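Chemist: Taking this note's numbering, the leading residue of the sequence shown gets 1, the next gets one more, and so forth.
Have a look at this one before I ask anything.
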Amino acid sequence: MKSEISRPSVYEILGANQVYTIFGAAWAGETEVTEIAVSTDDAQTWANAQFLDPIQRHAWRRWKFDWLTPKKPGRYTLIARAKGADGSVQPDKHDQNYGSYVINHALPIEVFVDDPRGTLV
């Protein structure tokens with residue numbers, strides 16, 4: 001079970017108070033991905049993303065999430081988490097027992113939100 005954010009990229013600068021579409025993809029192996037939850041505030045709150053592809057086993061399923069960026073400039077952490085038809089949920093943390101294998105935990109993406117005057121940078 002794995003979901004990844006493909007857009008925006010790490011440390012990308014986004015405009016404040018604008019709708020920005022976050023894109024990603026998810027894969028669940030033997031089961032189907034049935035839900036993607038996206039957090040734009042470092043896992044404090046979650047909202048469901050919209051799938052772009054139909055359910056299909058053994059295939060990545062693309063998704064999108066329209067985010068109204070905050071008015072306040074600053075650093076924000078985006079996270080996506082997949083859920084499967086069998087009830088499985090993508091883990092929040094890496095299982096250290098796997099070492100450098102089975103990297104399926106949710107990977108946070110840090111971005112910056114700035115106003116048009118460029119006060120952040």
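For glycine and all other residues, C-beta sits at the position ideal for the given N, C-alpha and C.
Nothing here was measured: the structure is a model prediction, and the numbers come from that model.
Just verifying my parser: in three-state terms, what is the DSSP assignment at Gln-44?
Modeler: Taking the sequence shown and counting its residues from 1, one reaches residue 44 at position 44. Here Gln-44 sits in coil by DSSP.
Chemist: Note down, in chain order, each residue of its chain lying with its Cβ closer than 8 Å to the Cβ of Thr-34, except the 5 sequence neighbours on either side.
Modeler: In the sequence shown, the residue the question calls residue 34 occupies position 34. The residues are Ile-55, Lys-83, Gly-84, Ala-85.
Chemist: Terminal residues of the continuous beta strand (DSSP E) containing Lys-2?
Modeler: Position 2 of the sequence shown, counting from 1, holds the residue named residue 2. That run of the beta strand (DSSP E) goes 2-7.
Chemist: Tell me whether Ser-3 is buried or exposed, calling it buried when 16 or more other Cβ atoms sit within 10 Å of its Cβ.
Modeler: Numbered from 1 along the sequence shown, position 3 holds the residue referred to as residue 3. Buried, since its Cβ has 16 or more Cβ neighbours within 10 Å.
Chemist: Could you tell me the distance, in whole angstroms, from the CA atom of Ala-59 to the CA atom of Asp-53?
Modeler: By 1-based counting over the sequence shown, the position of residue 59 is 59. By 1-based counting over the sequence shown, the position of residue 53 is 53. Distance between the alpha carbons of Ala-59 and Asp-53: 10 Å.
Chemist: Looking only at its own chain, which residues have a Cβ that is under 6 Å from the Cβ of Thr-21, when we skip the five neighbours before and after it?
Modeler: Taking the first residue of the sequence shown as position 1, residue 21 is located at position 21. So the list reads Lys-64, Asp-66, once near-sequence residues are dropped.
Chemist: Below 8 Å CB to CB, which residues in the same chain sit around Ala-16 once its five sequence neighbours on both sides are set aside?
Modeler: Along the sequence shown, read from residue 1 onward, the residue named residue 16 stands at position 16. The residues are Thr-69, Pro-70, Lys-71, Lys-72, Pro-73, Val-113, Asp-114, Asp-115, Pro-116.
Chemist: For Asp-92 and Ala-106, which I take to be in contact (beta-carbon distance under 8 Å), what is that distance rounded to the nearest angstrom?
Modeler: Position 92 of the sequence shown, counting from 1, holds the residue named residue 92. Position 106 of the sequence shown, counting from 1, holds the residue named residue 106. Yes, they are in contact, since the Cβ atoms of Asp-92 and Ala-106 sit about 6 Å apart, within 8 Å.
Chemist: I need the straight-line Cα distance from Trp-27 to Leu-14, nearest angstrom please.
Modeler: Residue 27 sits at position 27 when you count from the first residue of the sequence shown. Residue 14 sits at position 14 when you count from the first residue of the sequence shown. Straight-line Cα distance between these residues: approximately 27 Å.
Chemist: Find the nearest neighbour of Arg-75 within the set Ala-37, Val-19, Gln-18, Ile-109, judged by alpha-carbon distance.
Modeler: Here residue 75 refers to the residue found at position 75 when the sequence shown is read from its first residue. Selected option, being the one with the closest Cα: Ile-109.
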